[in-house]
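S.K.: Residue numbers (our numbering): 2 to 300. Take a look at this one; I'll ask things after.
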Amino acid sequence: MVSSRKRLDNAYKNAKIVEFDDDSKFILFSDCHRGDNSFADDFANNRNIYFHALKHYYAEGFQYCELGDGDELWENLTFESILNAHKNVYMLMKQFHEENRLHMIWGNHDMVYRNKNYVKKHLSTYFDPKVGEDVKLFGDITYNEAIVLKHCRTDQELFLTHGHQADWWNFLFWKWSRFLVRILWKPLNVMGIADPTSPAKNYTELIKVEKRTKSWIAENNNLLTIVGHTHRPRFPEPGDIAFFNDGSCVHPRSITGIEIENGEISLIKWQIATKDDGTLQIVRVLLEGPRKLQDYKTN
Numbered sequence: 002m003v004s005s006r007k008r009l010d011n012a013y014k015n016a017k018i019v020e021f022d023d024d025s026k027f028i029l030f031s032d033c034h035r036g037d038n039s040f041a042d043d044f045a046n047n048r049n050i051y052f053h054a055l056k057h058y059y060a061e062g063f064q065y066c067e068l069g070d071g072d073e074l075w076e077n078l079t080f081e082s083i084l085n086a087h088k089n090v091y092m093l094m095k096q097f098h099e100e101n102r103l104h105m106i107w108g109n110h111d112m113v114y115r116n117k118n119y120v121k122k123h124l125s126t127y128f129d130p131k132v133g134e135d136v137k138l139f140g141d142i143t144y145n146e147a148i149v150l151k152h153c154r155t156d157q158e159l160f161l162t163h164g165h166q167a168d169w170w171n172f173l174f175w176k177w178s179r180f181l182v183r184i185l186w187k188p189l190n191v192m193g194i195a196d197p198t199s200p201a202k203n204y205t206e207l208i209k210v211e212k213r214t215k216s217w218i219a220e221n222n223n224l225l226t227i228v229g230h231t232h233r234p235r236f237p238e239p240g241d242i243a244f245f246n247d248g249s250c251v252h253p254r255s256i257t258g259i260e261i262e263n264g265e266i267s268l269i270k271w272q273i274a275t276k277d278d279g280t281l282q283i284v285r286v287l288l289e290g291p292r293k294l295q296d297y298k299t300n
């Protein structure tokens, strides 16, 4: 428990500060696990839903915070294969970035983004076959372990991180996990067998990770904390431990996320719905909230 606490302390202490007010709008997604569009690519099932949702948020002036595990770099050796599989998504994210509306956090599946040189080498440009040369992708993008959204007027803080700090195996031994996933679990995943090292697939481990995170929040004046990692959406009532989880983008047939708008917080889901005439449409469903952020303020 001490080490979980210490890792979360460090993430909070070194977090990037992003100021906001009641006019600011944020969408938080995590655990997209974007892959190479192979059978093992869990994101591929929901990519149309995700792309439609992100286009909506771009048009509505939202900032996008991705809370880790955006890219599946355990199963896939290179970012290039992922970029080529989901280029429309990255071109849209590029537009967010160019307008200073993109905030990226690394998780255990894209822990390589801790390394600034790796990010610069793989994410700043990409080879465009149309022009036959490298062109700008994310340029000077930086990844953070955590972000603190700080309200300009109330000084209320929202702590955003991936959440694997409370999962000692996936924080300390992520290279070993990556090896197991690449060699053993990716082929088995194709056959429909789940990876037991993942807290999203291992309920006992999931409960432990959530418990450690909640203990840390309670020790830190009930700091409003938003994580991903376990893929399990959480939205507490005011007065409870302020532990939020935005879920994931790899639920069966839907994605979940957290919206912050008008000084309020909501848990939302995007899914495919069938109209009466048999046509399909992608719809946004409000799951929890909106609740005033001030309702979670403790001082």
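Where a beta carbon is used, it is the ideal one built from N, C-alpha and C, also for glycine.
Is it buried or exposed for Gln295, if we count other Cβ within 10 angstroms and need 16 for buried?
M.R.: Answer is exposed; the Cβ neighbour count stays below 16.
S.K.: Three Cβ pairs or more, each shorter than 8 angstroms: is that satisfied between the segment 2–20 and the segment 35–43?
M.R.: Verdict: no, contact absent.
S.K.: Taking DSSP as the reference, what is the three-state secondary structure of Val113?
M.R.: Three-state DSSP puts Val113 in a helix.
S.K.: Keeping to the same chain, check which residues put their C-beta closer than 7 angstroms to that of Pro103; ignore five residues upstream and five downstream.
M.R.: Sequence check: residue 103 is Leu here, not Pro. Excluding residues within five positions, the ones whose Cβ falls inside 7 angstroms are Tyr65, Met94 and Phe97.
S.K.: Between which two residues does the beta strand (DSSP E) harbouring Asn246 extend?
M.R.: Phe244 to Asn246 is the span of the beta strand (DSSP E), which, as asked, contains Asn246.
S.K.: Round the Cβ separation of Ile208 and Leu161 to the nearest angstrom and send it over; I've been treating them as touching at under 8 angstroms.
M.R.: Their Cβ separation, rounded to whole angstroms, is 22 angstroms, which puts Ile208 and Leu161 out of contact at 8 angstroms.
S.K.: Alpha carbon to alpha carbon, what distance is there between Val113 and Leu78?
M.R.: Near 11 angstroms, if we compare the C-alpha coordinates of Val113 and Leu78.
S.K.: With 16 other CB atoms within 10 Å as the buried threshold, where does Asp43 fall?
M.R.: Burial call: buried.
S.K.: Mind checking Leu268: buried by the 16 CB within 10 Å criterion, or exposed?
M.R.: That one is buried.
S.K.: Could you say if the segment 151–159 and the segment 207–223 meet the contact criterion of at least three C-beta pairs nearer than 8 angstroms?
M.R.: Touching, no, given that fewer than three Cβ pairs across the two stretches are closer than 8 angstroms.
S.K.: Name the two residues that bound the continuous beta strand (DSSP E) containing Ile83.
M.R.: Segment Phe80 to Ala86 is the alpha helix (DSSP H) holding Ile83; no beta strand (DSSP E) there.
S.K.: Our contact map puts Glu372 next to Cys153 with C-beta atoms below 8 angstroms; I'd like the distance itself, whole angstroms only.
M.R.: With the chain covering 2 to 300 only, the question about residue 372 has no answer from this structure.
S.K.: Give a yes or no on whether the C-beta atoms belonging to Ala16 and Asn145 are separated by under 8 angstroms.
M.R.: Yes. Within cutoff.
S.K.: Only counting runs of 3 or more residues, tell me where the beta strand (DSSP E) segments fall wholly within the segment 92–143, in order along the chain.
M.R.: Within the segment 92–143, the complete beta strand (DSSP E) runs of at least 3 residues are 103–106, 126–129 and 134–137.
S.K.: Kindly indicate which residue of Gly229, Asn246, Val228 and Ile242 has the alpha-carbon position closest to the one of Arg235.
M.R.: Residue Asn246 is the option with its Cα nearest to Arg235.
S.K.: Output the distance between the C-alpha atoms of Ala243 and Asn116, rounded to the nearest integer angstrom.
M.R.: Distance between the alpha carbons of Ala243 and Asn116: 31 angstroms.
S.K.: With DSSP as the reference, label Phe44 as helix, strand or coil.
M.R.: Correct three-state label for Phe44: helix.
S.K.: Quick check for students: name the residue ranges of the beta strand (DSSP E) that lie wholly in the segment 198–238, counting only runs of 3 or more.
M.R.: Counting only runs of 3 or more, we get 225–228.
S.K.: Compute the beta-carbon to beta-carbon distance between Asp168 and Val210, rounded to the nearest angstrom, for a pair I have assumed lies under 8 angstroms.
M.R.: Their Cβ separation, rounded to whole angstroms, is 5 angstroms, which keeps Asp168 and Val210 in contact under 8 angstroms.
S.K.: Is Asn47 near Val251, with beta carbons less than 8 angstroms apart?
M.R.: Contact: yes.
S.K.: Tell me, which residues are paired with Val284 by DSSP?
M.R.: Looking at the DSSP assignment, Val284 forms a beta bridge with Gln272.
S.K.: Among Asn118, Glu134 and His163, which has the Cα closest to the Cα of Ile142?
M.R.: Of the listed residues, the one whose Cα sits closest to Ile142 is Asn118.
S.K.: Kindly indicate which residue of Arg8, Lys26 and Glu73 has the alpha-carbon position closest to the one of Glu265.
M.R.: Checking every option, the nearest Cα to that of Glu265 belongs to Lys26.
S.K.: On the DSSP bridge list, what partners appear for Ser267?
M.R.: DSSP lists Glu260 as partners of Ser267.
S.K.: Specify the secondary structure class of Leu74 as computed by DSSP and reduced to three states.
M.R.: Correct three-state label for Leu74: coil.
S.K.: Using only CA atoms, which one of Ile218, Val284 and Leu288 lies nearest to Lys298?
M.R.: The residue with the shortest Cα to Cα distance from Lys298 is Ile218.
S.K.: Please classify Thr231 as buried or exposed, where buried requires at least 16 neighbouring CB atoms within 10 angstroms.
M.R.: Thr231 is buried by the Cβ-count criterion.
S.K.: Is it buried or exposed for Glu67, if we count other Cβ within 10 angstroms and need 16 for buried?
M.R.: With 16 or more other Cβ atoms within 10 Å, it is buried.
S.K.: Tell me the DSSP secondary structure of Arg35 in three-state form.
M.R.: In this structure, Arg35 counts as strand in the three-state DSSP scheme.
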